[in-house]
Amino acid sequence: MAIASYFFPNDMSLWGAGYLKVMQMLLVLGGLSTIWSEALQKSPATYSKFADLTKIKGKTLPSRKGMLVLYCPAAIAVVSISVWTFSKTQTNPEYQPSMRFWLILGAYVVHFNKRILEVLFVHRYSGCMEASTAGAIGFFYMFGTVNSLLAQHIADSSAPPPVNTIPVGIALYSLGLAGNFYHHLLLSNLRKDGSRKYVVPQGGLFSLFVAPHYICEIVEYGGMALISQTTYFACIFLTTLLYLGSRSYATKVWYRKKVDGFPANRCALIPVLL
577 MAIASYFFPN DMSLWGAGYL KVMQMLLVLG GLSTIWSEAL QKSPATYSKF ADLTKIKGKT
637 LPSRKGMLVL YCPAAIAVVS ISVWTFSKTQ TNPEYQPSMR FWLILGAYVV HFNKRILEVL
697 FVHRYSGCME ASTAGAIGFF YMFGTVNSLL AQHIADSSAP PPVNTIPVGI ALYSLGLAGN
757 FYHHLLLSNL RKDGSRKYVV PQGGLFSLFV APHYICEIVE YGGMALISQT TYFACIFLTT
817 LLYLGSRSYA TKVWYRKKVD GFPANRCALI PVLL
């Protein structure tokens, strides 16, 4: 079956189509650039274990505050859009967004607020991150999220795709969300004694992957792409895959250099191949 059967027909308005097509190209180019910046470590995002304070020239933030800067703008945006959309449906009965739109919006609300709660109550931090990095990533998350909702809103004005992948998308999203949280808990338990020393993570999918929390987030975004069925969200998924895949590969290289006894058989993204 043609791949076009899985996406909304391309009959969007000229403004929406033109703007969103440009944004899609920028998303893909940004994702491809992370192979150079993250996987090859030419210019990695300066947070977590890759925050080299000797090379940071600008202002720094404690990691917890920095991570809140990453996630709060997008969280505020999706909650605000939810309130506005619901209010509009109450005042204008003719305005009724599709179930698909509500599912994507709800998935975003859960995703970003989950990340904020994890930052506040689950993760254990020991370092700093560059303030400009936190601000840039936070803006990228918010901007990409709002654009994807715009793409969904415009797409919903056309006929739905011939093939409905919403059920599979919900299943993958739920699986990825739960898996991401579970592996974050495992990582948090490594530092219960307050130690800043990196140790080899164990449990769950850590026996197979270097960073299963990244893999689960990729699955989560894959599920959202299947719920959305827009080409814009397909580009978001591709960018997420490239970024987190590259970050996972760099993490594998880092662990091999810094942590004694790190299992060489753990893969970054694809078992056996990578």
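Each residue of the sequence shown is one higher than the one before, starting from 577 at the first, in the working numbering. Every residue gets a Cβ at the ideal spot worked out from N, C-alpha and C, and that includes glycine.
The three-state secondary structure of LEU616, taken from DSSP, is coil. At a Cβ-Cβ threshold of 9 angstroms, GLU706 and ASN756 do not count as neighbours. Residue nearest to VAL655 within the set ILE680, GLU793, GLY634, THR636 is ILE680 (criterion: CA-CA distance). Our two residues, PHE583 and THR807, have alpha carbons roughly 7 angstroms apart in a direct line. When LEU637, GLU614, VAL695, SER824 are compared, the shortest CA-CA separation from CYS648 is found for VAL695. Less than 9 angstroms divides the Cβ of LEU753 from the Cβ of HIS687. In this structure, DSSP gives GLU706 an extended state, which the three-state scheme calls strand. Shown here for PHE697: not one same chain residue has a beta carbon closer than 6 angstroms to its own, the five before and five after excluded. The shortest C-alpha to C-alpha distance from THR709 to any of PRO669, LEU637, ILE746 is the one to LEU637. Measuring C-alpha to C-alpha distances from PHE838 to each of SER783, ILE730, PRO673, MET601 identifies SER783 as the nearest.
TYR758 is not a Cβ neighbour of CYS704, given a cutoff of 9 angstroms.
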